[in-house]
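**Q**
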Amino acid sequence: MLEQVIFFTILLGFLMTVLMSPIFIPFLRRLKFGQSIREEGPKSHQKKTGTPTMGGIMILLSITVTTLVMTNKFSAPTVQTYLLLFVTLGFGLLGFLDDFIKVVMKRNLGLTSKQKLLGQIVISAVFYFIFKQSDFSTEISIPLTDWSFDPGWMYIFIVIFWLVGFSNAVNLTDGLDGLVSGTAAIAFGAFAVLAWSQSQYELSIFSVAVVGAVLGFLVFNAHPAKVFMGDTGSLALGGAIATIAILAKLEIILVIVGGIFVIETLSVILQVISFKTTGKRIFRMSPLHHHYELSGWSEWRVVVTFWTVGLLFAILGIYIEVWV
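Each residue of the sequence shown is one higher than the one before, starting from 6 at the first, in our numbering.
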């Protein structure tokens with residue numbers, strides 16, 4: 006029964022996004038919701054100017070409908086499902102506002118960093134309040150050991166750091182055609198397996214709903230992309246995967262499974278620190294995917310390489326948690 010639910014969840018998520026895209030993409034184009042490409046980026050990206058963005062709306066619709074329909078097929082949704090959707094849609098709405106300001110108000114930077122951070126913190130704090138009231142565990146286990154600890158009331162800072170950090174990490178990774186779509190499908194697929202191994206089937210259903218949605222989106226987002234997910238999609242996906250990790254008590258494993266997102270973020274942090282302290286850059290450009298582009302790699306080669314590394318990280322995370 007559950008295996009059928011999982012299969013049809015991926016299929017429904019995939020088909021919903023694929024079938025919406027031929028209608029939604031021209032609609033975005035007519036509204037002139039085209040992406041503005043930053044001038045300091047790789048010159049090859051300038052030809053992408055005007056490609057419809059905010060395609061993350063399709064991903065969010067697919068995830069929401071698929072999750073609710075298929076969870077009800079298996080059993081009545083619990084607070085887990087509603088927390089997942091709350092964070093996903095909350096961060097998605099924040100990303101939508103950011104995209105809307107960029108493409109409609111023609112302000113390429115969108116929301117200010119302070120506005121975005123405040124919104125992320127508020128959503129994370131509300132999530133924690135509901136999480137705490139629902140008596141979920143705040144204990145954190147250390148992989149490869151029998152040691153665990155409970156930070157108590159300080160867990161709210163871990164929740165905020167994880168949700169804000171990973172939503173921004175996925176957002177930073179979204180710089181090449183199909184890069185986030187593929188790496189997200191792999192990471193969420195890994196968490197579907199991990200949640201299944203814990204018998205947390207609602208988390209598995211949600212995870213595979215995301216896999217189906219982003220794979221459907223990838224059909225139109227692969228190079229050369231016909232649509233971008235924008236912050237609407239990337240912030241939502243980052244918040245969603247962090248929420249799964251928190252609910253499944255796999256906070257540390259997320260650092261491994263989401264290794265690509267962590268590396269991309271670290272490349273930006275190291276670049277900024279190096280430039281501000283020494284005046285020199287470590288990479289040709291950050292995030293890291295742009296460094297390889299400017300080193301002569303084709304966009305497709307960078308994306309496929311990052312997908313492969315992401316898959317290795319996912320396998321390593323599953324191995325550590327399930328088999329070690």
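The C-beta atom is built at its ideal place from N, Cα and C for all residues, glycine as well.
All of these numbers come straight from a predicted model, not from anything done at the bench.
1. Unbroken alpha helix (DSSP H) runs of length 4 or more, entirely within the stretch 174 to 224: which are they?
2. Just the Cα atoms here: how many angstroms apart are Leu275 and Ser80?
3. Under 8 angstroms between the Cβ atoms of Val308 and Gly187?
4. Would His295 and Gly180 qualify as a contact pair, given that the criterion is a beta-carbon distance under 8 angstroms?
5. To test your reading of the DSSP string, which unbroken alpha helix (DSSP H) runs of 4 or more residues are found completely within the stretch 242 to 277?
6. Assuming contact is defined by CB atoms lying nearer than 8 angstroms, are Ser202 and Ile11 in contact in what I supplied?
7. Consult DSSP for Ile147 and reduce its assignment to one of helix, strand or coil.
8. Which value, in whole angstroms, describes the spacing of the CA atoms of Arg143 and Val273?
9. Should the stretch 123 to 143 be called in touch with the stretch 88 to 101, which here means at least 3 C-beta pairs below 8 angstroms?
10. Does the pairing of the stretch 228 to 246 with the stretch 162 to 177 give three or more beta-carbon distances under 8 angstroms?
11. May I ask you to report which of helix, strand or coil DSSP gives Pro57?
12. Phe233 by DSSP, collapsed to three states: which one?
13. For Ala319, which residues from the same chain have a beta carbon less than 8 angstroms from its beta carbon, with the 5 sequence-adjacent residues on both sides left out?
14. Looking at the strands, I want to know which residues DSSP matches up with Phe154.
15. Give the C-beta separation of Leu199 and Ile323 to the nearest angstrom, bearing in mind that I take them to be a contact with Cβ-Cβ under 8 angstroms.
16. Looking only at its chain, what residues have a beta carbon closer than 6 angstroms to the beta carbon of Thr22, apart from the 5 residues adjacent to it on each side?
17. Chain B beta carbons: is any one of them nearer than 8 angstroms to that of Pro82?
18. Measure the C-alpha to C-alpha separation of Phe288 and Thr282 and round it to an integer number of angstroms.
19. Can you have a look at Thr56 and say buried or exposed, based on whether 16 or more other CB atoms are within 10 angstroms of its CB?
20. Excluding five sequence neighbours on each side, which residues of the same chain lie with their C-beta closer than 6 angstroms to the C-beta of Leu259?
21. Quick check on this structure: which residue in Val327, Thr58, Leu7, Leu252 has the alpha carbon closest to the alpha carbon of Tyr160?
22. If Phe2 sits next to Thr237, beta carbons under 8 angstroms apart, how far is it from one beta carbon to the other, in whole angstroms?
23. Helix, strand or coil: how does DSSP classify Lys119 here?
24. DSSP on Thr83, reduced to helix/strand/coil?
**A** By the coordinates alone:
1. 184 to 202
2. As a first step, residue 275 is located in the sequence shown; it is residue number 270 there, counting from the start. As a first step, residue 80 is located in the sequence shown; it is residue number 75 there, counting from the start. Taking the straight line from one Cα to the other gives about 46 angstroms.
3. On the sequence shown, position 303 is the one that residue 308 refers to. On the sequence shown, position 182 is the one that residue 187 refers to. Taking 8 angstroms as the Cβ cut-off, Val308 and Gly187 qualify as a contacting pair.
4. What you label residue 295 is simply residue 290 of the sequence shown in a count that begins at 1. What you label residue 180 is simply residue 175 of the sequence shown in a count that begins at 1. In contact: His295 and Gly180 (Cβ atoms closer than 8 angstroms).
5. 256 to 262
6. To locate residue 202, count along the sequence shown from 1; it is residue 197. To locate residue 11, count along the sequence shown from 1; it is residue 6. Not in contact: Ser202 and Ile11 (Cβ atoms no closer than 8 angstroms).
7. As a position in the sequence shown, residue 147 is number 142, starting the count at 1. Of the three classes helix, strand and coil, the one that applies to Ile147 here is coil, per DSSP.
8. Numbered from 1 along the sequence shown, position 138 holds the residue referred to as residue 143. Numbered from 1 along the sequence shown, position 268 holds the residue referred to as residue 273. The sequence given here places Thr at residue 143; Arg does not occur at that position. Rounded to whole angstroms, Thr143 to Val273 spans 30 angstroms at the Cα level.
9. Yes: the two stretches touch, three or more of their Cβ pairs being nearer than 8 angstroms.
10. yes
11. Your numbering for residue 57 matches position 52 in the sequence shown. Pro57 falls in the strand class under three-state DSSP.
12. Working through the sequence shown from its first residue, we reach residue 233 at position 228. In this structure, Phe233 counts as coil in the three-state DSSP scheme.
13. For the purposes of this step, residue 319 is taken as residue 314 along the sequence shown, with counting starting at 1. Only Ile191, Ala192, Gly194, Ala195, Val262 meet the Cβ criterion.
14. Within the sequence shown, residue 154 is the residue found at index 149, counting from 1. Phe154 is bridged to Ile145.
15. Numbered from 1 along the sequence shown, position 194 holds the residue referred to as residue 199. Numbered from 1 along the sequence shown, position 318 holds the residue referred to as residue 323. That pair is a contact at about 6 angstroms.
16. Taking the first residue of the sequence shown as 1, we reach residue 22 at position 17. Closer than 6 angstroms at the Cβ level, and outside the excluded window around Thr22, lie Met63, Ser67, Ala218, Gly221, Phe222.
17. Any reference to chain B falls outside this structure, which holds one protein chain only.
18. Here residue 288 corresponds to residue number 283 of the sequence shown, with the count starting at 1. Here residue 282 corresponds to residue number 277 of the sequence shown, with the count starting at 1. Straight-line Cα distance between these residues: approximately 15 angstroms.
19. Against the sequence shown, residue 56 aligns to sequence position 51. Counting C-beta atoms within 10 angstroms of its own C-beta, Thr56 has 16 or more neighbours from the protein chains shown and is therefore classed as buried.
20. By 1-based counting over the sequence shown, the position of residue 259 is 254. Answer for Leu259: Ala250, listed in chain order.
21. For the purposes of this step, residue 160 is identified with residue 155 of the sequence shown, where counting begins at 1. Among Val327, Thr58, Leu7, Leu252, the Cα nearest to that of Tyr160 is on Leu252.
22. Outside the shown range of the chain, which is 6 to 329, sits residue 2, and nothing can be said about it.
23. The residue labelled residue 119 in the question sits at position 114 within the sequence shown. It is helical.
24. The residue labelled residue 83 in the question sits at position 78 within the sequence shown. Coil.
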